Amino acid sequence: MTKVVFRKFKQGGDIIALFPEQVNNLMVGSYMHVGQHSDADYTGVIAATTPATESEYANLLAELKSIGYDDLQVMKRCKPKF
42 MTKVVFRKFK
52 QGGDIIALFP
62 EQVNNLMVGS
72 YMHVGQHSDA
82 DYTGVIAATT
92 PATESEYANL
102 LAELKSIGYD
112 DLQVMKRCKP
122 KF
C-alpha cells in the first residue's frame, strides 16, 4: 500500500497529495495537477494547508489512479520516516 495524505493550500485552494513514505533528503514525494511529481517539505506543506475533504481531493485521486497508483491508502495524517 502507498500511503497518501491530501491537503488543501490555505492560499489558492490547490490540492496536493503527499507521500510520507517516499523520503528523499528530508523531503517527501508529492503530486499536484500542475507540476505533477515533485519533492516537498512535509512540515512546511502541513503548515500552509488544511486537510482536504473527499470531495476536494476526488479529482486528484482519480488522476493518480489513472497514472498507475492503484494501491493508495488515504490517510488523514502520517509521519514521514526520515
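Residue 85 in our numbering sits at position 44 of the sequence shown, and the numbers go up by one each step.
A virtual CB, placed ideally from N, CA and C, is assigned to each residue, including glycine.
Bear in mind that the values here come from a model prediction, so they are computed numbers and not experimental data.
| Query | Result |
| --- | --- |
| Looking only at its chain, what residues have a beta carbon closer than 8 Å to the beta carbon of Gly54, apart from the 5 residues adjacent to it on each side? | none |
| Residues bridged to Met73 by DSSP? | Gln77 |
| Report the rounded CA-to-CA distance for Thr84 versus Leu59, giving the unit in angstroms. | 11 Å |
| Grouping DSSP H, G and I as helix and E and B as strand, with all else coil, what is Ala58? | strand |
| In angstroms, rounded to a whole number, what distance separates the CA positions of Ala88 and Met42? | 26 Å |
| DSSP three-state call for Leu102: helix, strand or coil? | helix |
| With respect to the alpha helix (DSSP H) encompassing Thr91, which residues constitute its N-terminal and C-terminal limits? | Careful: Thr91 lies outside any alpha helix (DSSP H), inside the beta strand (DSSP E) at 90 to 92. |
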